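In numbering that gives the first Met the number 0, the protein residues as written are 0 to 231.
Backbone N, C-alpha and C fix where the C-beta goes; we use that ideal spot for every residue, glycine too.
These numbers come from a predicted model, not from an experiment.
A short write-up of the structure that comes next.
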Amino acid sequence: MRLINTSTLVLETFGEAVPSYAILSHRWNDVEVSFQDLQDGRGKSMAGYSKIQRCCAQAQSDGWKYVWIDSCCIDKTSSAELSEAINSMYQWYQASQVCYAYLADVRLGKKLHRELEDSQWFTRGWTLQELLAPASVVFFDQDWVDIGTKASLGEIISEITGIEDLIDFESACVAQKMSWAANRKTTRVEDMAYCLLGLFDVNMPPLYGEGENAFIRLQLEILKTSDDESIF
């Protein structure tokens with residue numbers, strides 16, 4: 000697992016002994032700093048680098064030496080590494096000390112409830128597991144101002160997402176969990192299946208190009224480990 004050192008902003012690789020880390024959840028922009036960009040130094044001149052800097056600064060301020068950011072901690076040119084990451088991501092978010100949910104389209108103010116309702120962050124497929132898996136989620140607005148936590152904003156978040164219990168959600172039936180993702184979107188059609196792997200505790204190699212067949216494979220994998228008939 001690769002982590003960014005919050006002091007040096009340099010990537011470090013760890014085996015089984017992974018140190019404590021903060022993790023970022025964000026809506027991707029058109030230009031994000033990739034693993035290669037960060038490694039060769041090009042990332043520093045890219046618009047997305049400021050998000051990395053602010054995330055690291057927040058983590059360092061909170062006492063965390065490392066942070067994980069999906070856009071630059073995964074070498075997406077390696078199909079093996081990408082497959083491992085997709086199947087491990089839920090566990091990585093779950094194991095984090097804190098998740099920083101950065102809402103680039105929200106500004107703290109009197110109309111916060113409305114701004115949260117309209118935020119793209121709540122419409123994306125991948126952010127579902129990023130909301131549920133971590134025990135601690137802290138939300139930040141576009142200027143990295145603390146908006147609140149998953150606990151303090153629980154009532155609003157439940158209203159937006161339709162998830163009644165943000166803590167004891169694992170007991171929900173398959174159909175209920177599927178409904179939470181029904182109105183969410185991903186850039187690649189296959190990712191609507193891949194982003195749910197951790198939520199259903201299944202492992203499945205990604206096959207980009209398979210289209211909607213990815214969701215059929217997901218359902219078959221769920222059936223192998225569950226007798227929940229609500230899936231039908």
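Rounded to the nearest angstrom, the gap between the Cα atoms of residue 35 and residue 162 is 37 Å. Where residue 12 is concerned, the enclosing beta strand (DSSP E) starts and stops at 10-12.
C-alpha of residue 28 to C-alpha of residue 57: approximately 20 Å in a straight line. In this structure residue 172 is exposed. Its beta-carbon is surrounded by fewer than 16 other beta-carbon atoms within 10 angstroms. The segment 67-101 contains, as complete beta strand (DSSP E) runs of 3+ residues, the segments 97-101 (chain order). Taking a contact as a CB-CB distance under 8 Å, the pair residue 112 and residue 146 does not count as one, their CB atoms being some 11 Å apart.
Pairing residue 192 with residue 217, the inter-Cα distance amounts to about 6 Å.
Nearest in C-alpha terms to residue 14, of all of 106, 22 and 1, is 1. Judged by DSSP in its simplified three-state form, residue 148 adopts strand. By DSSP's assignment, residue 21 forms a beta bridge with 66 and 97. According to the DSSP secondary-structure assignment, residue 2 is paired through a beta bridge with 11. A check of alpha carbon separations from residue 149 across 157, 143 and 67 identifies 157 as the nearest. Excluding the 5 residues flanking it on each side, residue 206 has no same chain C-beta neighbour closer than 6 Å.
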